[in-house]
Every structure is written in structure tokens, then in C-alpha cells.
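FYI, this note's numbering numbers position 107 of the sequence shown as 149, with every residue one higher than the one before it. Here's the structure we're looking at; comments come further down.
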Amino acid sequence: MNRALKANERELIKLARYFSKRAAQLTVDGELSEGQKQVTQACENLEQQLLQHAENREAIMDKRSRLEKLIEDKAECPKCRKADMLKRQAAVTNEHGWKLNTYRCRRCNTSFTWNRPNNPWHMMEFLELYIKELEDSLNADMEPSLRQQTEAAIPQLQDSLFRLRPVLQDSDDELEALTAKEQEMDKLIHQFKNYLLIEKIKLDTYQN
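Take a look at the structure:
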């Protein structure tokens with residue numbers, strides 16, 4: 043059975059297929075009523091609906107998972123300034139609520155937290171804050187060369203933010219719609235399962 047299915051979806055499909063198999067036998071025997079035909083059709087329709095929903099959910103969550111891995115740290119050890127002996131250990135949350143990766147340098151035997159978010163959603167917030175800080179810094183006196191570098195960096199960062207924001211918004215919108223659909227499907231599954239159990243009792247009684 044499709045691995046993308048959740049436990050309650052898989053359970054309902056098994057029940058629906060069991061009912062359809064029993065109904066198929068009644069068809070062979072010429073004993074299937076019109077009402078039972080309608081139940082069988084409803085089972086087939088629901089199974090297709092569940093399978094399609096599971097595929098959509100898997101696609102949305104796979105896309106989101108790939109987005110979460112979009113950010114690649116360019117971390118380096120604060121002591122030796124190298125990255126070749128770093129081992130990522132865990133993730134922590136800073137005062138802004140951003141998740142950051144922690145590393146251990148096997149060369150220096152030192153642990154540290156990299157000062158950049160490890161996911162694009164928090165990176166977007168980081169960029170927004172960083173751009174504001176750069177813009178504010180232009181109001182102060184600074185070396186001409188540093189001012190030139192800052193003025194050149196701001197539009198580049200703004201462009202990165204401009205391209206990143208709609209991608210993340212689309213993913214958030216998809217997740218919100220999926221969450222609403224999941225609630226709708228869970229309610230439908232619960233109701234249809236109870237309905238099928240009643241129909242199964244009727245079928246057993248009819249055959250006996």
C-alpha cells in the first residue's frame with residue numbers, strides 16, 4: 043500500500059477494499075442490492091480521493107523539506123579559521139527565535155555556534171534585520187571605502203530577499219491549505235469509517 047498514507051487513511055482503505063470484495067462476491071451471486079452498489083462506488087471514489095490527497099501531501103512536505111535544506115552554512119572554526127574538521131552537533135535557538143547550528147572543530151577541540159540561521163525562513167528575518175542595520179550605519183560617519191562597500195552590499199542583499207520571500211510565502215500558503223485539508227479529510231475518514239462499519243454489519247446480517 044502507498045507509503046504516503048497515514049495510519050487512519052490506510053485503515054479506511056483496507057476496510058473499503060474488504061467491503062468492495064464482499065460486494066463483488068454478491069454481484070457474482072446476483073444478490074447485490076442497489077444500495078450496496080452505491081456503497082461500493084463510494085468506497086472506490088473515497089480510495090482514489092485518499093490516494094490523491096496522500097500524494098499531494100507528500101509532494102508539499104517534500105518541497106518544504108528541500109527548502110529547509112536550502113541554507114548551507116559556510117561555518118569556520120573561530121580559533122583556526124578552517125572548516126575541514128568541523129562536525130555539526132545540534133541546533134539551538136537564539137534571542138530572535140532563529141535556529142542556528144552548533145559545531146565542534148576536531149582540530150581545536152572547541153565547540154561554537156555559527157551566527158547565521160540554518161533555514162530560509164529565519165534567514166529571511168536575518169536579512170531583513172541585517173539590511174536595516176546596514177542602512178542605519180550609512181547615517182554615521184565612516185571610511186569612504188567602507189561606505190562604498192556598504193552601499194554596494196545593500197541592493198545585493200535586497201535582491202536575495204526579494205527572490206527568497208515569495209518562494210517561502212508560497213510554501214507557507216501550501217502548508218496552510220494542506221493543514222485545513224488534513225482536518226477536513228480526518229473528519230471525512232472518521233465519518234466514513236463509522237458508516238462502513240454499519241454497512242458491514244448490514245451486509246453480514248443480509249448474508250446470514
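Glycine residues also receive a C-beta, built at the ideal position from the N, C-alpha and C atoms.
Suppose the cutoff is 8 angstroms on Cβ atoms and the five residues either side in sequence are ignored; what does the same chain contact list for ARG207 look like?
As a first step, residue 207 is located in the sequence shown; it is residue number 165 there, counting from the start. If we look at ARG207 and ignore the five residues flanking it on each side, its Cβ neighbours are MET166.
Which class does ARG123 belong to by DSSP, given the choice of helix, strand or coil?
Numbered from 1 along the sequence shown, position 81 holds the residue referred to as residue 123. Note: ARG123 maps to coil in three-state DSSP.
Which residue from GLN190, TYR60, LEU169, ALA46 puts its Cα closest to that of LYS235?
Translated into the one-based positions of the sequence shown, residue 235 becomes position 193. The candidate whose alpha carbon is nearest that of LYS235 is TYR60.
Which residue from TRP140, ASP228, ASP178, CYS122 puts its Cα closest to that of LEU88?
Looking up residue 88 in the sequence shown gives position 46. Nearest option by C-alpha distance: ASP228.
Give the single residue among MET127, LEU142, ALA125 whose Cα lies nearest to the Cα of ALA133.
Numbered from its first residue, the sequence shown carries residue 133 at position 91. It is LEU142.
List the endpoints of the continuous alpha helix (DSSP H) containing ALA133.
Looking up residue 133 in the sequence shown gives position 91. No alpha helix (DSSP H) contains ALA133, which is instead part of the beta strand (DSSP E) from 128-135.
Using three-state DSSP, classify ASN160 as helix, strand or coil.
Along the sequence shown, one-based indexing puts residue 160 at 118. In this structure, ASN160 counts as coil in the three-state DSSP scheme.
Given ASN160, which residues of its chain have a CB within under 8 angstroms of its CB, disregarding the five upstream and five downstream residues?
By one-based count along the sequence shown, residue 160 stands at place 118. Result list for ASN160: ILE113, ASP115, ALA133, LYS141, LEU142, ASN143, in chain order.
Near LEU57, which residues of its chain fall below 7 angstroms by C-beta distance, leaving aside the five closest residues on each side in sequence?
In the sequence shown, counting from the first residue as 1, residue 57 sits at position 15. So the qualifying residues of the chain are LYS235, LEU238.
Check whether the stretch 215-225 and the stretch 100-110 touch, using three or more Cβ-Cβ pairs below 8 angstroms as the test.
yes
When the Cα of ASN98 is compared with those of THR155, ALA46, GLU175, which residue comes out closest?
The sequence position of residue 98 within the sequence shown is 56, counting from 1. Nearest C-alpha to ASN98: ALA46.
What does DSSP give as the partner residue(s) for SER153 in the beta ladder?
In the sequence shown, residue 153 corresponds to position 111, counting from 1. SER153 pairs with ARG146.
Counting only C-beta atoms, is GLU241 closer than 9 angstroms to chain D at any point?
This model lacks chain D altogether, as it is built from one protein chain only.
Skipping 5 residues on each side, what residues in its chain have a beta carbon closer than 6 angstroms to that of PRO120?
Here residue 120 corresponds to residue number 78 of the sequence shown, with the count starting at 1. Contacts found: PHE154.
Any idea what DSSP makes of LYS141, helix, strand or coil?
Residue numbering aside, residue 141 sits at position 99 when the sequence shown is read from its first letter. Here LYS141 sits in strand by DSSP.
On a Cα-Cα basis, can you pick out the residue from HIS138, TRP156, GLY139 that is closest to GLN131?
Against the sequence shown, residue 131 aligns to sequence position 89. The shortest Cα separation from GLN131 among HIS138, TRP156, GLY139 belongs to TRP156.
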